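Take any residue in the sequence shown, note its place counting from 1, add 724, and you have its number in my numbering.
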Amino acid sequence: MIDMIQQFASCCRAAGLRISTSEILDCFRHLQLIDISDEMQFKTTLRTNFIKNYREQGKFDQLYHLFFHELRTDIEIARSTPLGSLVKDVLENLNQNPTDNPSKSILDFLSGDPIGFLEEIRSIQSEGNEPMQGPIKGPRSNLGSLARRLKIMLQIYAVQESIMNFLAENKSKVSWETNKNLKTYFSQRLDRARRYLHEDPPAYPDNSSHVTSYEKYLTQLGERNFASLTPKEVDEMRIVIAHWVRKLKDTIGLRYSRNNRGIIDVKQTLRDTMKYYGVPLKISYRKRPKRKGKIVTLCDVSGSVWSAARFMLNMLYSLQECFAKVRSFVFVAEMDEVTRIFENNDINEAIDKALKEANISYNADTDYGSAFRNFKRSYMDALNKKTTLIIIGDGRSNYTNPEEDIFDEMREKCRRVVWLNPEPKVFWYTGDSEMRTYEVYCHQIRVCGNLNQLMDFINDLVL
């Protein structure tokens, strides 16, 4: 069994599969754990250890069938039947006669050793895939590989002719039926070599094109306005956000681990020198604490604005360990804090509750001035010089008093004020919009009407 697996691994290598010695050893160990008389288990174990991706699966299956079904049958015939000794005599005679030996690799293939033949096939396939070099660059012509295939085909015919000539010259030494069986045996094996020369490995589905198209779809989905998303697309957005949040957290971790050691910790360095007889071989650094800001969000949950607010809240609370504190408020005309809802519920459930069960009138007319008065009266202590105040809304206040003086007070208490408006900028200064009034008090105003714009903002906020 060990020799057979090693021979199969050599065939796979000759055909271009990359198989390491450790993978062969792993395969031996895994075969001890299964019933090797069950071909499905046996083949699956070999495939698991010997192939790296879907693109190699077709070639593996082709090689497996060739080695364990076609060539193994030949070897069994050669070892256990009277015909086998005659086959061996024919091949030995052709090997010993240089003039009648056009290709040793083909004769080895007929004797059950396909390695040389597989290497020639791989060389032809590799030549056809390489780009042209030199002054004329571009895809390589397949004329070279076709010429080499033709050469091998002619060698196969030459081997067949040599075998038939040998059998004709020695037909008196064997019976008519044995001579016929020998012709059939060699014809079938040479047909197999021709088939392997011309056939490409069966194609297995490659997920790369599907992944590319799905990523393209997600990019297009990220450009869709929040207000126009279907329930199915909202669920897909949540999956995208969860994946993106994990990647962002990894990026944040790397940011603090690379080139951010802080100053030398002299005391710890001196303590470490005791291990090395007073030589400071190891320099210790004081870990620089992560700078964590405080976030306060005021979310307009009226009309189409609430759809942008829900995704913003989803991201902020998914990344809340990146901030010292996240406090959230929702408003239409009145304002209510929903921080406790997020602390006591799963994030998606909390968002649904915050946008439906807060202590405000969701059917009231939007009034930013009233909301700011409410905030000043009840929540002004939430702001300090470490706070980034994020307002999510379209700034449309139904021609009521915008209370810009209160908004100015809020700005003075904060480190930074950012306004995210889900409306396109062309509509900011039309109708009952107060964006022209509020923008002078903001450090930054951004359009935030789709997921891509929102992720760009979160990247800037966190990194």
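Each residue gets a CB set at the ideal place from its N, CA and C atoms; glycine is no exception.
Since this is a predicted model, take the numbers as computed values, not measurements.
Who pairs with residue i in a beta bridge, going by DSSP?
i	result
Trp968	Partner(s): none; Trp968 has no beta bridge.
Leu1022	Phe1053, Ile1115
Arg1170	Leu1144
Tyr1009	Ile988
Asn949	Asn1174
Glu1061	Phe1053
Arg742	DSSP, once it has assigned bridges, lists no residue as partnering Arg742.
Ser1157	Arg1120
Rounded to a whole number of angstroms, what is the C-alpha to C-alpha distance between residue i and residue j?
i	j	result
Ser1157	Ile987	50 Å
Glu1067	Ile1116	21 Å
Val1186	Leu1175	16 Å
Asn773	Asp832	27 Å
Asp824	Asn905	Caution applies to Asp824, whose pLDDT of 49 falls short of 50 and renders its modelled position unreliable; the model cannot decide the point.
Ala1032	Tyr1162	19 Å
Leu1005	Thr997	7 Å
Val1003	Arg995	11 Å
Ser911	Glu780	30 Å
Lys895	Lys812	16 Å
Met782	His789	The question names Met, but residue 782 is Gly in the sequence shown. In a straight line, the C-alpha of Gly782 is about 11 Å away from that of His789.
Asn1122	Thr1090	6 Å
Arg1170	Thr1021	15 Å
Cys1172	Leu1144	6 Å
Gly1027	Trp1152	16 Å
Leu914	Lys907	11 Å
Ile1019	Asn1108	10 Å
Asp1070	Pro955	19 Å
Gly946	Thr975	21 Å
Gln1103	Ile1182	Residue 1103 is actually Tyr in this sequence, not Gln. Cα to Cα, the separation comes out at about 24 Å.
Lys1080	Val1029	14 Å
Glu957	Arg737	46 Å
Thr1124	Val1025	18 Å
Pro1126	Asp1105	21 Å
Gln1044	Asn777	38 Å
His934	Arg948	Here the model assigns His934 a pLDDT of 46, short of 50, so the residue's position is not dependable, and the following value carries that caveat. For His934 and Arg948, the distance between alpha carbons rounds to 21 Å.
Ser827	Glu885	12 Å
Asn903	Lys767	36 Å
Phe950	Arg1120	18 Å
Arg1101	Leu1178	30 Å
Pro1148	Thr1154	11 Å
Ser1008	Tyr1000	14 Å
Ile876	Leu870	10 Å
Trp1188	Gln731	Residue coverage of the chain in this structure runs from 725 to 1187, which leaves residue 1188 outside it and unanswerable.
Asp1129	Lys991	52 Å
Phe792	Ser952	58 Å
Phe1035	Arg919	58 Å
Lys973	Asp1184	14 Å
Flag this pair as yes or no: are the beta carbons of residue i and residue j separated by less than 8 Å?
i	j	result
Gly748	Ile760	Note that residue 748 is Ile in the sequence shown here, rather than Gly. Not in contact: Ile748 and Ile760 (Cβ atoms no closer than 8 Å).
Val1150	Cys1166	no
Ile830	Ala917	yes
Glu1058	Ser1094	yes
Ser1042	Ile965	yes
Pro1146	Asp1180	no
Ile1075	Leu1040	no
Asn817	Phe752	no
Ile845	Leu921	yes
Ile1084	Val1054	yes
Ala1215	Ile726	Summary: the structure shown does not reach residue 1215, with the chain confined to residues 725 through 1187, and so no result is reported for it.
Asn1072	Arg962	yes
Check the C-beta distance from residue i over to residue j and give it rounded, since I have them as a contact under 8 Å.
i	j	result
Ile887	Arg872	That belief does not hold up - the Cβ atoms of Ile887 and Arg872 are roughly 23 Å apart, past 8 Å.
Val1062	Ala1078	4 Å
Leu787	Cys735	6 Å
Phe1131	Phe1096	6 Å
Leu741	Ile775	7 Å
Asp1060	Ala1088	Contact flag wrong, Cβ pair sits at about 12 Å.
Arg1135	Thr1112	That belief does not hold up - the Cβ atoms of Arg1135 and Thr1112 are roughly 12 Å apart, past 8 Å.
Gly1017	Lys1110	6 Å
Leu842	Ala739	5 Å
Asp989	Arg970	At roughly 32 Å, the Cβ-Cβ gap does not stay under 8 Å, so Asp989 and Arg970 are not in contact.
Closer than 7 Å to a non-hydrogen atom of the ligand GTP - does that hold for the CB of residue i?
i	result
Arg873	Only the bare structure without any ligand can be found here, which leaves the ligand GTP out of the picture.
Using 8 Å as the threshold, is the stretch 872 to 883 in touch with the stretch 779 to 796, meaning 3 or more CB pairs across them? no
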